[in-house]
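Contents: one structure, followed by commentary.
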Amino acid sequence: MRLLLFLPFSFSLIAGPVFADLNAAGAAARCKNVLELETVSDTKGLIDAGWCAGFAQAVAIYERRQCAGPIPPAEALAQAFVNWTSANPQYWDIPPSEGMAAAFLVFPCKN
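Numbering (numbering that gives the first Met the number 0), first residue to last: 0 to 110.
Structure representation (structure tokens):
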């Protein structure tokens, strides 16, 4: 039990500085690697794609916690977020979680 309580804290200590300066525009750049995964050959691109897929899934799960039905696949979430950031440059400086929450409104709840 103590280990489970410590894991999120330890992750925030390690990953916090890495993602602290990330905004919606930076996150969208990372998410493009999910959409182009077949052509990504460098380690950074693969890490970015993994980060985006995991982060997008976490935001979608949180935002859709009252929804019935499955969470959309990572590729669909990444595409929705990239499309939203392209259409809304005025919001490029907001946190990526807020941008993703707005972008994921294209996936309505089916209750």
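Cβ atoms here follow ideal geometry from the backbone N, Cα and C, with glycine treated the same way.
Beta carbon of residue i nearer than 8 angstroms to that of residue j
i, j, result
"residue 73", "residue 33", "yes"
"residue 95", "residue 21", "yes"
"residue 124", "residue 108", "No statement about residue 124 is possible, as the shown extent of the chain runs from 0 to 110 and does not include it."
"residue 91", "residue 28", "no"
Beta-carbon separation (whole angstroms), residue i vs residue j, contact threshold 8 angstroms
i, j, result
"residue 102", "residue 79", "5 angstroms"
"residue 100", "residue 62", "5 angstroms"
"residue 106", "residue 71", "5 angstroms"
The ligand FAD heavy atom lying under 7 angstroms from the CB of residue i
i, result
"residue 43", "The ligand FAD is absent from the structure shown, which contains no ligands of any kind."
### Task
Ignoring anything shorter than 4 residues or poking outside the segment 48-95, list the alpha helix (DSSP H) runs there in chain order.
73-86
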